[in-house]
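Peer 1:
Residue numbers (the numbering used here): 1212 to 1756.
1) Any chance the stretch 1603-1622 sits against the stretch 1636-1648, with 3 or more Cβ pairs inside 8 Å?
2) Output the distance between the C-alpha atoms of residue 1660 and residue 1268, rounded to the nearest integer angstrom.
3) Cutting at 8 Å between CB atoms, please list the residues of its own chain near residue 1702, excluding the five before and the five after it.
4) Less than 8 Å between the beta carbons of residue 1694 and residue 1541, yes or no?
5) Report the three-state DSSP secondary structure of residue 1591 (helix, strand or coil).
6) Let me confirm a value: residue 1692 is counted as buried when at least 16 other C-beta atoms fall within 10 Å, else exposed. Which label applies?
7) May I ask you to verify whether the stretch 1599-1606 touches the stretch 1679-1691, counting CB pairs closer than 8 Å and requiring at least 3?
8) Give the single residue among 1574, 1330 and 1699 whose Cα lies nearest to the Cα of residue 1723.
9) How is residue 1573 classed by DSSP in three states: helix, strand or coil?
10) Quick one: what's got a C-beta closer than 6 Å to residue 1392's C-beta in the same chain, skipping five residues either side?
11) Which residue marks the beginning of the alpha helix (DSSP H) containing residue 1362, and which one marks its end?
12) Please classify residue 1632 as buried or exposed, where buried requires at least 16 neighbouring CB atoms within 10 angstroms.
13) Residue 1750 by DSSP, collapsed to three states: which one?
14) Using the beta-carbon count (16 or more within 10 Å), is residue 1260 buried or exposed?
15) Just curious, the alpha helix (DSSP H) that residue 1518 is in, first and last residue?
16) Since residue 1449 and residue 1381 are thought to touch, with beta carbons under 8 Å apart, how far apart are those beta carbons, to the nearest angstrom?
17) By Cβ distance below 6 Å, which residues in the same chain neighbour residue 1296 in space, the five residues on each side in sequence not counted?
18) Are the stretch 1660-1670 and the stretch 1732-1740 touching by the rule of at least three beta carbon pairs closer than 8 Å?
19) Would you report the Cα separation of residue 1710 and residue 1576, rounded to the nearest angstrom?
20) Who are the Cβ neighbours of residue 1390 in its own chain at under 7 Å, not counting the five residues just before and after it?
21) Nearest-angstrom Cα distance between residue 1766 and residue 1697?
22) Could you tell me whether the stretch 1453-1471 touches the stretch 1365-1381, using the rule of 3 or more Cβ pairs below 8 Å?
23) Grab me the residues of residue 1383's own chain with a C-beta within less than 7 Å of its C-beta, minus the 5 sequence neighbours each way, in chain order.
24) Give the DSSP-derived three-state secondary structure of residue 1450 in the structure shown.
25) Could you check what DSSP says for residue 1718 in three-state terms: helix, strand or coil?
26) Taking the alpha carbon of residue 1753 as the reference point, which residue from 1452, 1609, 1655 and 1715 has its own alpha carbon closest?
27) Reducing DSSP to helix, strand and coil, say where residue 1735 ends up.
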């Protein structure tokens, strides 16, 4: 096949994937027609908001580091920090996206049966992920480059950093594709591969946040006196120095970095292309589960549907990691608060020192409770639960079960994975802040009620904005309007709860704020539960895939 024909084939396959993603974002109306631009505008606003949060976070970090590092001649360290942060962010976020695009798309079997080379399929699918990875890298590197230029950085640094921006996503994408390939191979060997995948991803994510927090907590005096520690840094951080010098058009480091990025992309391409057909064939000809005779147990329709939803949740690494990451943050918050108990109490005592009736414990308790409420907005399990039925929705609707039981069952995984960590985090936070017994019930009741609210709100939004057409499960979980809107609305509410509670706590009336949040959470949980069992259940009966 000629080079022009190969290019046309790859371009066609890439266009099909991008159009598929765009069509899935638009969704379908009840009459079967595609959704209008309103839905697209809504999603665009959502993604711009999320991108703005990252730009603000990394831009603030750049403003903190750039002046002192440029003055001390540590331009290499400045770019090394942001290159590592950008790489780790893109790598962690693209592991499941790459695996889903390469190995889990529904049209893999169709393409494999056609006279299309696996190499062309791999290139088109990887390019789809690469486009998204450039966007993710931009929210880290572009603010760093702009701040560097405004802070008086060298022209070579600006040009070299732009070159790094073009090359770094190639390295992250190739490594994430290789990890996705290994996970796909593991899935043939182990039934519980989803837990292995989640564990690996959480390790990378934990290392990422640990590194970011360590950089942000550098003492300001050290940043102002970088010239005093320059010799020690250059000798102790030689590999990192080489990474940073690649962004300064160094005659050796830059070509080596370019070869590394492009070479890793080529090796990953050859590796995956060689085994791609085998993995797809193994998935289509997978062994069916062996039926074993067991004693039958009677259960209600709600219990049976809930078990089905739990099996689906725990069998999907993408679903667990993207939908329930807030549960991990809940426990992490409690552990960090317990480890840094002395520093937190000292800061609180200083803030309430001018308030006669204020105390550190009385100020910290409502703030920690509000933080647990805010974390409930980061759990999005129920907001994708209905969409994951996809084209099999008719099976669920043909069952002799009530619509409200179906919707309530889809909130069960959400409630379990969000409320169980609260039972672990609450006692740790009580110890960390030295909360008096009057606060103890609120550490449990308030966040649990908030999690029930988020579960009902999520399934309500998913019923109103379902996404039954998708090529892989990552699309309804990560790229749907119901998940995006649920996260945005609940996060804004959670931030408002934390802000109002913090202000009232510093004035010694945090108990009133916590009592109000608890009462509102219980009321909203009840109201949303009635909406789900009434109007949303009737809407579910009218839905079609």
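Where is the CB? At the ideal position from N, CA and C, for every residue including glycine.
Peer 2: Put simply:
1) Because the criterion of three Cβ pairs below 8 Å is not met, the stretch 1603-1622 and the stretch 1636-1648 do not touch.
2) For the purposes of this step, residue 1660 is identified with residue 449 of the chain shown, where counting begins at 1. For the purposes of this step, residue 1268 is identified with residue 57 of the chain shown, where counting begins at 1. Going by the C-alpha atoms only, they are around 30 Å apart.
3) Along the chain shown, one-based indexing puts residue 1702 at 491. Leaving aside the five residues that flank residue 1702 on each side, the residues in its chain whose CB is nearer than 8 Å to its CB run, in chain order, 1585, 1588 and 1589.
4) Numbered from its first residue, the chain shown carries residue 1694 at position 483. Numbered from its first residue, the chain shown carries residue 1541 at position 330. Going by C-beta atoms, residue 1694 is not nearer than 8 Å to residue 1541.
5) Your numbering for residue 1591 matches position 380 in the chain shown. Look at residue 1591 here: in three-state DSSP terms it is coil, with no helix or strand label.
6) Your numbering for residue 1692 matches position 481 in the chain shown. Flag for residue 1692 reads buried.
7) Here the stretch 1599-1606 makes contact with the stretch 1679-1691; the two share three or more CB pairs at distances below 8 Å.
8) Sequence index remark: in the chain shown, residue 1723 carries index 512 (1-based). When only C-alpha atoms are compared, the closest one is 1574.
9) The residue labelled residue 1573 in the question sits at position 362 within the chain shown. Here residue 1573 sits in helix by DSSP.
10) Here the question's residue 1392 lines up with position 181 in the chain shown. Within the same chain, residue 1392 has close Cβ partners 1483.
11) Taking the first residue of the chain shown as 1, we reach residue 1362 at position 151. Secondary structure note for residue 1362: it is in no alpha helix (DSSP H), with a DSSP letter that is neither H nor E.
12) For this step, residue 1632 is matched to residue 421 along the chain shown. By the neighbour-count rule (16 or more Cβ atoms within 10 Å), residue 1632 is buried.
13) Translated into the one-based positions of the chain shown, residue 1750 becomes position 539. In the structure shown, residue 1750 sits in a helix (DSSP, three-state: H, G or I).
14) For the purposes of this step, residue 1260 is taken as the residue at position 49 of the chain shown. The residue is exposed, with fewer than 16 neighbouring Cβ atoms inside 10 Å.
15) Your numbering for residue 1518 matches position 307 in the chain shown. Element bounds for residue 1518: 1512-1525.
16) Against the chain shown, residue 1449 aligns to sequence position 238. Against the chain shown, residue 1381 aligns to sequence position 170. The Cβ separation is near 24 Å, so there is no contact.
17) What you label residue 1296 is simply residue 85 of the chain shown in a count that begins at 1. Same-chain partners within the cutoff: 1351.
18) Enough Cβ pairs lie closer than 8 Å, so yes.
19) As a first step, residue 1710 is located in the chain shown; it is residue number 499 there, counting from the start. As a first step, residue 1576 is located in the chain shown; it is residue number 365 there, counting from the start. Distance between the alpha carbons of residue 1710 and residue 1576: 14 Å.
20) As a working note, residue 1390 is residue 179 in the chain shown. Taken in chain order, the residues that qualify are 1306.
21) Since the first and last residues shown for the chain are 1212 and 1756, residue 1766 lies out of range.
22) With a cut-off of 8 Å on Cβ pairs, the stretch 1453-1471 is in contact with the stretch 1365-1381, counting three or more such pairs.
23) Along the chain shown, one-based indexing puts residue 1383 at 172. So the qualifying residues of the chain are 1298, 1301, 1302, 1305 and 1344.
24) Here residue 1450 corresponds to residue number 239 of the chain shown, with the count starting at 1. Three-state result, residue 1450: helix.
25) If you number the chain shown from 1, residue 1718 lands on position 507. Reduced to three states, the DSSP call for residue 1718 is coil.
26) Position 542 of the chain shown, counted from the start, is the residue given in the question as residue 1753. Scanning 1452, 1609, 1655 and 1715 for the CA closest to the CA of residue 1753 turns up 1609.
27) Here residue 1735 is taken as the residue at index 524 of the chain shown, counted from 1. Helix, per DSSP.
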